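Numbering (the numbering used here), first residue to last: 6 to 137.
Note that beta-carbon positions come from the ideal geometry of N, C-alpha and C, so glycine has one too.
All values reported here derive from a predicted model rather than from experimental measurement.
Before any comments, here is the structure.
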């Protein structure tokens with residue numbers, strides 16, 4: 006049986022702390038499995054796209070959790086999150102949903118405001134990397 010991956014937050018005391026609830030970097034040692042997602046978009050299982058940004062974020066995280074489950078992983082295995090949002094939104098709810106899903110797991114996290122996504126009804130897209 007391969008060794009279990011371990012994850013450690015990298016937080017040099019010589020740099021400023023993160024601007025929110027995330028880690029500047031994560032070190033993963035001895036991973037035996039990696040999961041890299043494409044940008045996960047807010048299409049629910051029934052094919053619908055919610056109108057509100059927070060509802061779109063919930064759909065995306067539901068889809069990500071399903072992918073993790075299929076890969077025999079959990080949100081604790083997420084080491085990196087990249088979130089793309091379109092302009093003009095309050096992002097507090099999006100970050101709160103991320104923090105709730107991660108449940109104390111400080112993943113490396115990047116938030117990028119983009120002019121638009123592939124379909125006009127999409128307000129947010131999220132890609133993750135997980136290691137176990």
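query	result
Boundaries (first-last residue) of the beta strand (DSSP E) holding residue 11	11 to 15
Per-residue burial, residue 47 [other beta carbons within 10 Å of its own, 16 or more giving buried]	buried
Close beta carbons around residue 11, own chain, < 6 Å, minus the five adjacent residues each side	34
Cross-strand partners of residue 90 (DSSP beta bridge)	118, 129
C-beta contact flag for residue 132 and residue 42 at 8 Å	yes
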